[in-house]
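Just below is one structure, and these are the notes that go with it.
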Amino acid sequence: MNRGLYLSNLVVTGPTGLIVTRMDLRLEPGQTVALVGESGSGKSMTAKAMTGLLPRGVTATGTLQLDDIEVDLALGPQVLTDLRGKHISLLLQNPFTSLSPVHRCGEQITAALAPDLRRSKDEIRRRLDEVDLPERVARQYPFELSGGMRQRVALAASLASNPQILIGDEPTTALDVTTQREMLDLLERIQGERDMALLLITHDLGIARERADRILVMYAGRLVELGEGADVFAHAQHPYTAGLRDSDPPLKHRLVELPAIAGSVPRPSEVAVGCVFAPRCDRADHRCRTDTPELIGTTSQVACWKPITKADTPHLIQIATDVQAQNTGTDLVVVKAVSKRFSPSAPLALDNVDISIRLGEAVGIVGESGSGKTTLARCLIGLESFESGDISWMINAPMAQRAQIVFQDPTSALNPAMTIGASLAEALGVGQRDKSEVPALLQLVGLPAEYARRRPHGLSGGEQQRVAIARAIAPKPKLLICDEPVSSLDVSVQAQILNLMNSIIKELGIALLFITHDLAVVRQVVSRVYVMNNGRVVESGTMENVLLSPQHEYTRQLFSSVAGK
Amino acid sequence: MDTAHSHRRLTQLLSRGSLTRFIVVRLAATGLLLLVLSFVVFALLHLTPGDPARNLVGVRNVTPELLQSIRDKYHLNDPFMSQYLQWLGNVLHGDFGESIRNNTTVTTLLSDRVTLTLQLAGLSFVLTVLIAVPLGIAAAWRTGSVLDRSVSVASIVGIGAPTYAVGLLLLYIFGLWLDIFPVYGSGDGGFDRWWHLVLPAITLASGLAAMVFKLTRTAVVAELNQDYVAFAQSRGLSHRQIRSLVLRNAMIPVATSLGLVFAFLFGGTILVEVTFALQGIGSLLAGSVTFKDLPVVQAITLLTATVIALTALAVDVFYYAVDPRVRKRGSR
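This is how it looks when you write it as structure tokens:
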């Protein structure tokens with residue numbers, strides 16, 4: 001008998017305090033519920049608590065009801081041992097680490113089957129077939145498969161014991177956009193066929209909007225709003241939900257400025273009294289800071305003292321119309337017919353690539369993993385050599401003042417042993433500038449001057465990326481290269497960084513090369529774009545034209561894969 | 566069998582990614598390594614200060630006749646390369662020349678001692694593996710438990726205590742006080758030999774087991790923190806199934822450390838051999854270095870290097886068998 005799952009009054013406590021505060025959740029057969037939130041919202045911990053897989057030192061209380069079984073979570077993780085697999089299964093984010101590298105895929109899929117079925121060829125074929133994989137995969141090892149195929153193997157493995165409830169913890173985040181869509185379609189189909197409940201944990205609002213019957217929004221360990229499907233965002237009542245919606249960059253148009261939420265997500269244990277969102281909320285008043293709001297409402301619920309109603313004037317978004325791609329201008333750098341191969345047997349990483357960047361122009365390179373976009377950036381800056389072709393700089397300046405680069409992960413890009421001031425002073429020195437300019441540099445990226453004395457580890461991801469940008473512009477380069485600069489940041493922080501990049505290139509008049517897989521993000525920054533696939537530039541043109549009338553099949557596929565926009 | 570067929574068979578055996586090809590390539594590499602090493606070892610004679618002939622005389626009375634006979638015997642008047650090739654040819658036939666100190670051939674001198682050292686190293690290796698690996702796995706599975714903490718403390722003692730001190734302590738307790746094990750010598754062969762080797766082997770194993778315990782524990786802990794373990798749990802796999810997943814993965818780093826341990830053991834028996842008065846190659850090497858018994862030093866150096874290289878080869882083959890990623894990359 002499949003009646004779904006009801007989780008009530010879940011509280012998760014870690015060594016430093018509360019991680020999830022009083023949370024209720026209902027999952028019905030055949031239904032998809034999306035749990036949306038930024039990092040630190042407690043969404044993954046909720047999933048771990050439901051499967052009894054909390055890390056050591058983290059405990060949960062609450063009740064989990066599944067059919068006729070009622071489980072008191074306070075009794076410890078072992079009470080869930082019998083439910084795992086047969087009733088609830090968890091699909092993890094990273095298909096590259098969630099499978100054992102030294103066991104064959106078939107063996108890993110069938111491990112959860114009854115012993116007499118484990119060696120049955122028919123059963124393996126049937127299981128692989130369900131996730132659209134050919135039979136040969138059974139004999140292959142995970143490292144022989146692409147990310148998308150590995151995630152299908154993981155899906156088949158998590159379905160092996162026929163669970164009623166599948167929890168997907170960011171199951172498509174590590175995949176490329178086109179693969180992402182296939183995976184989501186597959187999940188939807190299987191869910192329908194099996195009449196299974198799906199809890200989709202995601203930071204991607206587009207995916208939630210497009211796939212979920214119900215959406216729950218979490219912030220700093222609390223449910224702040226929930227409701228039916230896309231309505232939650234369309235008629236957001238909680239200022240956080242609205243802020244999240246607005247700071248998620250649109251694909252259709254370019255905004256003058258992205259409406260970012262100031263500040264960053266706090267740890268749940270940092271907020272003692274009042275609404276968790278109050279410190280970042282522009283509607284907050286005295287009561288918001290002293291009393292904790294409870295979820296109220298029927299089909300849609302919101303935990304807010306001053307919810308947004310229809311009477312409120314909607315947040316005005318300004319669509320930029322003045323962003324025209326320059327068709328003329330002086331070239332800064334011209335890349336001509338550049339080709340590169342990493343090893344003689346490998347396919348071309350760059351295949352006859354031609355691009356040009358003009359002085360003061362913002363250019364994007366869009367592509368999926370393996371498209372060669374990062375390799376091209378590394379060639380431009382001299383971190384990588386190339387076999388044939390030519391990169392000519394039209395200015396006479398030392399390398400450090402031609403181009404500088406900002407990487408995806410600011411935590412590993414900054415030296416943890418150096419203070420921020422020292423890092424910036426060093427970078428200023430490269431451009432023959434004095435270290436007395438450090439405060440001005442920090443101000444330019446929106447950080448207080450006293451951050452110069454701090455070290456990177458105490459900063460949030462967004463702040464670290466601001467430092468990385470400051471370090472890159474310190475030697476006064478003519479070109480700023482940003483390789484996926486916002487991919488590791490939360491949506492609300494991502495908007496801040498995009499706004500910052502737009503204002504910096506305008507203020508300093510430097511050119512920008514923006515490399516990303518995210519079309520909506522690049523839309524907000526560049527005027528001209530190159531689309532790369534398998535080492536080749538398959539399409540180029542103004543952002544507007546490429547978006548409105550893509551010429552190449554791959555570009556069309558890329559655009560149609562973007563979820564919920 | 567016609568040549569075309571045998572040729573095809575050979576091509577098949579040596580095809581990319583096959584185990585035979587892997588082993589053949591690695592053996593060739595090992596052979597090359599040893600060849601280079603043999604050259605260095607041979608050059609020792611000429612790098613030693615003084616006249617090589619006089620060095621080979623040792624402590625005997627130097628007479629012109631003796632020097633001449635040695636020059637003739639060792640072809641010291643030939644060009645260097647031809648001397649080397651001559652020497653290498655002899656070595657390949659098991660002839661390392663004559664010991665300066667003992668007036669016997671190096672080969673006779675070594676044969677018994679090599680057996681003894683191999684037995685000693687083998688026994689301590691087995692002890693190390695049997696004690697350290699299971700304890701490491703158990704401790705990793707229950708980090709912070711009483712077992713984990715007590716073995717971890719014991720292992721610090723094991724690593725810290727000097728070999729000779731442990732040896733003397735064991736000798737005192739089990740040899741003199743309890744009078745269970747012999748205190749001296751290598752025994753009369755057969756079981757008696759092994760009986761004599763128990764205490765020395767335990768002495769050697771105590772430090773190594775501590776190291777292997779730590780490495781095993783670290784390797785298993787690292788694997789337990791991998792996503793695939795959480796994923797296996799979430800799918801409801803049994804404890805036994807998860808353990809087999811983890812151990813198969815953890816085997817790879819553990820094998821590396823075991824390879825190092827064996828290589829170290831073969832060359833590291835000297836202190837124990839001296840403590841327990843065992844006639845192994847360690848004590849022979851010590852004596853030969855003191856007396857500048859060059860042919861013996863050359864032989865032992867080359868022998869030790871061979872054992873180390875073969876151990877490395879064994880570890881590589883083990884990788885090949887266990888890790889499909891290595892198999893795929895194969896031998897380039």
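Those protein sequence lines, which keep their order, are chains A and B. Counting in our numbering, the first sequence runs from 1 upward without gaps. Counting in our numbering, the second sequence runs from 566 upward without gaps. Each residue gets a CB set at the ideal place from its N, CA and C atoms; glycine is no exception. Every value quoted in this text rests on a predicted model; they were computed, and no experiment measured them.
Between Arg-800(B) and chain A, the shortest Cβ-Cβ separation is below 8 Å.
The beta carbons of Arg-104(A) and Ala-138(A) sit closer together than 8 Å.
In this structure His-761(B) is buried. Its beta-carbon is surrounded by 16 or more other beta-carbon atoms within 10 angstroms. Looking from the CA of Arg-245(A), the closest CA among Ser-560(A), Glu-228(A), Ser-492(A), Glu-463(A) belongs to Ser-492(A). The CB of Leu-810(B) comes closer than 7 Å to the CB of Ser-100, His-103 in chain A, given here in chain order.
With contacts defined as CB atoms closer than 8 Å, Glu-426(A) and Leu-447(A) fail to qualify as a contacting pair. Thr-516(A): member of the beta strand (DSSP E) spanning 511 to 516, first to last residue.
The criterion of a C-beta distance shorter than 8 Å is satisfied by Leu-479(A) and Ile-357(A).
Contact between Val-679(B) and Ile-807(B) does not hold, since the beta-carbon distance rounds to 44 Å and is not under 8 Å.
At the C-beta level, Arg-666(B) and Ser-853(B) come within 8 Å of one another. A straight-line Cα-Cα distance of about 10 Å links Met-646(B) and Leu-653(B).
Residue-level contact check: Phe-796(B) touches chain A, since one or more beta carbons of chain A fall below 8 Å from its beta carbon. At a Cβ-Cβ threshold of 8 Å, Asp-24(A) and Leu-91(A) do not count as neighbours.
When Val-276(A), Arg-150(A), Met-196(A), Ala-236(A) are compared, the shortest CA-CA separation from Ile-19(A) is found for Val-276(A).
The straight-line gap separating the alpha-carbon atoms of Val-785(B) and Leu-54(A) is approximately 19 Å. Across the structure, Ile-69(A) and Arg-126(A) are spaced so that their CA atoms are roughly 30 Å apart.
For Ala-138(A), no beta strand (DSSP E) run applies, since DSSP gives it neither H nor E. Residue pairing from DSSP places Arg-214(A) in a beta bridge opposite Val-33(A), Glu-228(A).
Around Asp-888(B), the beta-carbon contacts reaching into chain A at under 7 Å are Val-102. Around the beta carbon of Pro-456(A), 16 or more other beta carbons sit within 10 angstroms, so the residue counts as buried.
For Ser-8(A) against Thr-63(A), the beta-carbon gap comes to about 5 Å, under 8 Å, which counts as contact. In this structure, the CA atom of Gly-801(B) is about 22 Å from the CA atom of Thr-172(A). At a beta-carbon threshold of 7 Å, none of the residues of chain B lie near Ser-39(A); the nearest stands roughly 18 Å away. Between the alpha carbons of Ser-560(A) and Thr-21(A) lies a gap of roughly 38 Å. Within chain A, the C-beta atoms nearer than 7 Å to that of Tyr-793(B) come from Thr-97, Ser-98, Leu-99, Ser-100, in chain order.
Note on Phe-746(B): 16 or more other CB atoms within 10 angstroms of its CB, so buried under the neighbour-count rule. Taking 3 residues as the minimum length, the beta strand (DSSP E) runs contained wholly in the segment 349 to 405 of chain A are 362 to 366, 388 to 393, in order along the chain. Secondary structure of Asn-533(A) (DSSP, three-state): strand. Look at the segment 75 to 114 of chain A and you find these whole runs of beta strand (DSSP E), each 3 residues long or longer: 88 to 91. Comparing alpha carbon positions, the residue from Gly-52(A), Thr-178(A), Arg-119(A) closest to Ser-369(A) is Thr-178(A). Not a single CB atom of chain A sits nearer than 8 Å to the CB of Arg-782(B). For the set Lys-476(A), Ala-422(A), Gln-465(A), the Cα lying nearest the Cα of Arg-454(A) is the one of Ala-422(A).
A contact is defined here as three or more CB-CB pairs under 8 Å, and the segment 328 to 338 of chain A meets this definition with respect to the segment 381 to 395 of chain A.
Lys-43(A) does not reach chain B, its nearest Cβ partner there being about 16 Å away, counting only Cβ pairs nearer than 7 Å.
Chain A has no Cβ within less than 8 Å of the Cβ of Arg-707(B). Taking C-beta atoms under 8 Å as the contact rule, Pro-439(A) and Gln-465(A) fail to qualify, at a distance of about 19 Å.
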